[in-house]
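Presented below is the structure to which this report refers.
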Amino acid sequence: MNYRHIFHAGNPADVMKHAVLALILDHLRAKPAPFCVLDTHAGIGCYDLLSEPAQKTLECEDGIGRLFGAPPPHPSLAPYLGAVEGLNPDGRLRWYPGSPRLARAALREQDRLVLVELHPDDARTLKAEFAGDRNVAVHQSDAYLALKAHLPPKEKRGLVLIDPPFEQPDEFARLAEGLAAAHRRWPTGVYALWYPIKERAAVWRFQDAVEKTGIPKVLIAELTWHPEDTHLRLNGSGLLIVNPPWTLDDRLRELLPALHDALATTGGGSAVSWLTPER
Numbered sequence: 049m050n051y052r053h054i055f056h057a058g059n060p061a062d063v064m065k066h067a068v069l070a071l072i073l074d075h076l077r078a079k080p081a082p083f084c085v086l087d088t089h090a091g092i093g094c095y096d097l098l099s100e101p102a103q104k105t106l107e108c109e110d111g112i113g114r115l116f117g118a119p120p121p122h123p124s125l126a127p128y129l130g131a132v133e134g135l136n137p138d139g140r141l142r143w144y145p146g147s148p149r150l151a152r153a154a155l156r157e158q159d160r161l162v163l164v165e166l167h168p169d170d171a172r173t174l175k176a177e178f179a180g181d182r183n184v185a186v187h188q189s190d191a192y193l194a195l196k197a198h199l200p201p202k203e204k205r206g207l208v209l210i211d212p213p214f215e216q217p218d219e220f221a222r223l224a225e226g227l228a229a230a231h232r233r234w235p236t237g238v239y240a241l242w243y244p245i246k247e248r249a250a251v252w253r254f255q256d257a258v259e260k261t262g263i264p265k266v267l268i269a270e271l272t273w274h275p276e277d278t279h280l281r282l283n284g285s286g287l288l289i290v291n292p293p294w295t296l297d298d299r300l301r302e303l304l305p306a307l308h309d310a311l312a313t314t315g316g317g318s319a320v321s322w323l324t325p326e327r
């Protein structure tokens with residue numbers, strides 16, 4: 049309950065996660081049928097990068113600050129950077145869109161967004177952010193209970209974003225268990241699970257747990273900006289994607305190296321691979 053994302057908004061992990069999220073949403077928009085987005089750890093939706101908490105850490109300077117106002121390092125960043133620029137029409141970077149704002153920017157009239165946030169203050173802020181928006185529903189709830197309550201969606205197509213703060217020591221295990229339960233309820237949905245790269249052994253255990261569930265068609269995408277020589281800092285960011293859109297793997301193999309070159313200062317790299325192929 050103590051985690052507040054404002055301290056980290058717009059950092060390299062956000063950039064990687066949200067750039068991939070925007071690509072998935074762009075793919076969902078390509079078909080006329082309606083879709084639903086379920087965001088299980090929604091936060092407050094939009095972040096003021098000039099606020100005291102954001103200025104205290106200045107993590108955005110190594111993330112979106114390296115991209116905003118500069119030529120895009122790759123064309124596939126267009127959906128993501130377009131959403132950021134839409135919140136900053138004067139050309140000065142102040143507001144950063146969290147995943148709720150990114151998803152809302154991609155919705156059409158027939159689409160729907162379900163936002164879940166456990167922190168009571170953040171949930172109130174989120175409800176105020178989307179007050180009167182008929183395409184958006186906000187719930188104060190535990191993320192893993194929400195997977196049971198809101199799946200499968202009536203639209204039959206869409207995306208589930210599971211993006212925990214990783215405050216709990218068993219979060220990787222909860223993430224794998226939550227995915228398995230959600231996939232049983234809705235096996236055709238797209239799932240994007242974010243995870244931090246601090247201790248590589250923990251990541252391997254998580255990926256092994258997901259593989260053992262037998263869920264097919266699981267893609268792994270990772271971006272690191274520090275050498276993985278310590279578990280005391282955030283060295284990188286990963287996304288485990290179930291039922292990824294067609295050609296997303298190829299697009300990420302082009303995008304992530306370009307994004308790494310634009311963000312990295314001390315090392316790292318990028319990787320895209322299949323954890324489990326399609327049956």
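Each position in the sequence shown, counted from 1, maps to that position plus 48 in our numbering.
Glycine is no exception: its CB is placed at the ideal position from the N, C-alpha and C atoms.
Straight-line gap, residue i to residue j (C-alpha atoms, nearest Å)
| i | j | result |
| --- | --- | --- |
| S285 | D110 | 14 Å |
| P60 | H66 | 10 Å |
| L199 | G237 | 9 Å |
| M49 | E165 | With a pLDDT of only 38 at M49, under 50, the local geometry of the prediction cannot be trusted, and no value is derived from it. |
| L288 | G139 | 33 Å |
| Q12 | A249 | Residue 12 cannot be examined here, being either before or after the span of the chain that is shown, 49 to 327. |
| A81 | P244 | 33 Å |
| R156 | R77 | 8 Å |
| I112 | F254 | 28 Å |
| D169 | Q188 | 10 Å |
| R172 | K79 | 33 Å |
| L323 | A257 | 11 Å |
CB of residue i within 7 Å of CB of residue j, strictly
| i | j | result |
| --- | --- | --- |
| L163 | D87 | yes |
| T314 | H274 | yes |
| G91 | G146 | yes |
| H75 | P212 | no |
| A221 | L195 | no |
| L303 | S99 | no |
Nearest residue (CA-CA) to residue i, options the options
| i | options | result |
| --- | --- | --- |
| I54 | C108, K79, D138 and E326 | C108 |
| G317 | K175, L296 and T272 | T272 |
| L97 | V132, P127, D74 and K79 | V132 |
| A176 | R299, C94 and P264 | C94 |
Limits of the alpha helix (DSSP H) - the one that residue i falls within
| i | result |
| --- | --- |
| P127 | A126 to L135 |
| T314 | Run containing T314: none; DSSP gives neither H nor E here. |
| L282 | Here L282 belongs to no alpha helix (DSSP H), and DSSP marks it neither H nor E. |
| A194 | A191 to H198 |
CB-CB length for residue i against residue j, believed under 8 Å
| i | j | result |
| --- | --- | --- |
| N183 | R149 | No, N183 and R149 are not in contact; Cβ-Cβ is about 13 Å, not under 8 Å. |
| R114 | A310 | 6 Å |
Enclosing beta strand (DSSP E) for residue i [first to last residue]
| i | result |
| --- | --- |
| A269 | V266 to T272 |
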